[in-house]
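Q: Pasting in a structure now, in structure tokens, and then I'll have a few things to ask.
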Amino acid sequence: MTEAVATTIDVTIAEADWASAVRTVREFAPAGRVLLICHVSPDGDALGSMLGFALGLRRLGVRDLQATFPGPFEIPEPFTGLPGLDLLVPEADAYPNPDLVLVFDVAAESRLGGLVDRLAAARATVVLDHHASNTRFGDVQLVDATAAATAVVAEQLLDRLDVPLDLHIAECLYVALATDTGSFRFDMTTPRVHEMAARLIATGLRPGEISRRIFDSRPFGAMKLFADVLGRAELEPTAAAGHGLVWTYATLDDLARHEQRPYVLDALIDPVRCVAEVDVSVVVKEVAAGEWAVSLRSKGAVDVSAVAIALGGGGHRLAAGFTGYGAPGDVMVSVREQLAAHVVA
Ligand code: 5GP
Ligand code: MN
């Protein structure tokens, strides 16, 4: 699905937008039906920022509260221990006419799938996000492209609503922050990120235990699946105008053979992006017959967000994605072409 491309973007959030967000939540949340939505195939930041905020609203006394995401109601195993999961409902059970909709980590309306109609159905919508490619939908937009995770925006809004952090809220936000910073390794790991992590850890949470659960644990079958998929990776040193590309693909048959769920493939980009010889890494993952979720990563020479936007998706400069069609080879033809067109260094 093609998405509109944002032409201008504020990198930080204006005071007036914070004020409207606070006003909107205070007006509609206490007595109304509140629906929180994050993106399809939710990752740690999508689920963590949404559930952390939902628990904050519960602390404010909000009673009619649901959290949801589009697509199959499947929570990746690493996130099945998150606090606030009791607030999650499948897409089909989400309030049809909520008073207030809050949207988390969603760069474009296409990432809301069948839940996109709730934007128009609600009396007010507030969007919390950190994607530079955010298309600026919703009534109140809290989009900070300098924030390492949507959880950074969520924590600030909770603070402005005078909701104190507790252990459960902190655990959700920590999972989100650790996910999107690659365990505090990526470039956006600023002093602000470590200060936030310090506030979260001060509630008493256990970073070692959380990291083991969300990063360092996978079924034996997933390891064997990774071995197959990594075994067919291809190195293309001349791609991306000589900065180089490594790529591989995983099919639904690979998942079936190893009896694995699709989300296990989210971690597969990590070993691929470690390849020293190249700048760009790509994993092409089959989500339906002939339909592929494509993950793109760069070490800095290519703006993969621009590549993804050109191909109907979005993301960040060093991490982005889109949906491709056909065979993996067809998808890669368009990727190679766009990589060459978006070299920045
Ligand atoms: P991942 O490769 O981990 O799925 O995604 C990397 C980044 O790109 C994330 O910030 C994610 O939100 C974004 N992204 C991935 N796929 C899509 C897509 O199809 N559309 C848009 N707009 N963003 C995407
Ligand atoms: Mn995010």
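To convert, take the position in the sequence shown, counting from 1, and add 277; that gives our numbering. C-beta: ideal position from N, C-alpha, C; glycine also.
#1: With DSSP run on the structure shown, which of helix, strand or coil describes phenylalanine 492?
#2: Measure the C-alpha to C-alpha separation of alanine 516 and glycine 603 and round it to an integer number of angstroms.
#3: Just verifying my parser: in three-state terms, what is the DSSP assignment at tyrosine 602?
#4: For alanine 331, is the beta carbon positioned less than 6 Å from some heavy atom of the ligand 5GP?
#5: Would you list the residues sitting across from alanine 565 in a DSSP beta bridge?
#6: Using DSSP bridges, identify the partner residues of valine 470.
#7: Would proline 319 be called buried (16 or more neighbouring beta carbons within 10 Å of its own) or exposed?
#8: What span of residues does the beta strand (DSSP E) with isoleucine 546 cover, start to end?
#9: If you draw a straight line from the C-alpha of proline 620 to the C-alpha of lysine 576, how long is it?
#10: Is it buried or exposed, cysteine 315, if we count other Cβ atoms within 10 angstroms and call 16 or more buried?
#11: Which word fits aspartate 457, buried or exposed, when buried means at least 16 other C-beta atoms lie within 10 angstroms of its C-beta?
#12: Does DSSP classify valine 559 as helix, strand or coil?
#13: For the putative contact between arginine 363 and arginine 310, defined by C-beta atoms under 8 Å, what is the C-beta separation to the nearest angstrom?
#14: Using 8 Å for Cβ pairs, my map puts histidine 520 next to alanine 578. What's the rounded Cβ distance?
#15: Would you check if there are 3 or more beta carbon pairs closer than 8 Å linking the segment 587 to 595 to the segment 525 to 543?
#16: Going along the chain, which residues of its own chain have a beta-carbon closer than 6 Å to the beta-carbon of phenylalanine 414, five neighbours each way excluded?
#17: For the putative contact between leucine 392 and alanine 371, defined by C-beta atoms under 8 Å, what is the C-beta separation to the nearest angstrom?
#18: Using the DSSP secondary-structure output, state which residues sit across from glutamate 513 in a beta bridge.
#19: Between the beta-carbon of alanine 323 and the beta-carbon of aspartate 382, is there less than 7 Å?
#20: Do glycine 577 and the ligand 5GP come close, with the Cβ less than 6 Å from some heavy atom?
#21: Bridge partners for glutamine 343 per DSSP, in chain order?
#22: Return the residue from the list Phe330, Ser326, Ala617 and Glu554 that minimises the CA-CA distance to alanine 585.
#23: Strictly under 7 Å for the Cβ-Cβ distance: is proline 548 near chain B by that measure?
#24: Need the endpoints of the beta strand (DSSP E) that alanine 401 sits in, please.
#25: Alpha carbon to alpha carbon, how far is glutamine 418 from valine 299? Give it in angstroms, no decimals.
#26: Can you name the start and end residues of the alpha helix (DSSP H) that glutamine 627 belongs to?
#27: Can you tell me whether aspartate 556 is buried or exposed? The criterion is at least 16 other CB atoms within 10 Å of its CB, across all chains shown.
#28: What would DSSP say about valine 380, mapped onto helix, strand or coil?
#29: Which of the three DSSP states is assigned to alanine 597 in this structure?
#30: To the nearest angstrom, how far is it from the Cα of glutamate 304 to the Cα of valine 380?
#31: My assumption, with CB atoms under 8 Å, is that valine 560 sits in contact with threonine 525. Please give the rounded CB distance.
A: For this structure:
#1: Coil at phenylalanine 492, not helix or strand.
#2: Looking at the two C-alpha atoms, the distance is approximately 21 Å.
#3: Strand.
#4: Not so, every heavy atom of the ligand 5GP lies at least 6 Å from the Cβ.
#5: Residue pairing of alanine 565 in beta bridges, as defined by DSSP: Glu568.
#6: Residue pairing by DSSP places valine 470 in no beta bridge whatsoever.
#7: When all chains shown are included, proline 319 counts as buried.
#8: Taken as a continuous stretch (DSSP letters only), isoleucine 546 belongs to no beta strand (DSSP E), being part of the alpha helix (DSSP H) at 546 to 550.
#9: The sequence given here has valine at residue 620, not proline. Here the alpha carbon of valine 620 sits roughly 11 Å from the alpha carbon of lysine 576.
#10: Using a 10 angstroms sphere on the CB of cysteine 315, the tally of other CB atoms reaches 16 or more, which defines it as buried.
#11: By the neighbour-count rule (16 or more Cβ atoms within 10 Å), aspartate 457 is buried.
#12: Looking at valine 559 - three-state DSSP - the assignment turns out to be strand.
#13: The question names arginine, but residue 363 in the sequence shown is aspartate. In this structure aspartate 363 is not in contact with arginine 310, their Cβ atoms being roughly 17 Å apart against a cut-off of 8 Å.
#14: Between alanine 578 and histidine 520 the Cβ distance is about 4 Å, and since that is below 8 Å, they are a contact.
#15: Judged by Cβ distances under 8 Å, the segment 587 to 595 makes no contact with the segment 525 to 543, as fewer than three pairs qualify.
#16: The residues are Glu386.
#17: About 6 Å separates the CB atoms of leucine 392 and alanine 371; that is less than 8 Å, so the two are in contact.
#18: In the DSSP output, where bridge partners are listed per residue, glutamate 513 has Leu522.
#19: Note that the C-beta distance between alanine 323 and aspartate 382 is below 7 Å.
#20: Relative to the ligand 5GP, glycine 577 has its C-beta separated by 6 Å or more from all heavy atoms.
#21: According to DSSP, which records beta bridges pairwise, glutamine 343 is partnered with Leu312.
#22: For alanine 585, the nearest C-alpha among the options comes from Ala617.
#23: Note that chain B does not occur in the displayed structure, where there is just one protein chain.
#24: Alanine 401 -> beta strand (DSSP E) spans 401 to 406.
#25: Straight through space, the alpha carbons of glutamine 418 and valine 299 are spaced by roughly 12 Å.
#26: Outside the displayed span of the chain (278 to 622) sits residue 627, for which this structure offers no information.
#27: Under a 10 Å Cβ-count criterion, aspartate 556 is classified as buried, with 16 or more other Cβ atoms of the shown protein chains found around its own Cβ.
#28: In the structure shown, valine 380 sits in a strand (DSSP, three-state: E or B).
#29: Three-state result, alanine 597: strand.
#30: Their Cα atoms are separated by approximately 17 Å.
#31: In this structure, valine 560 and threonine 525 form a Cβ contact; the two beta carbons are roughly 6 Å apart against a cut-off of 8 Å.
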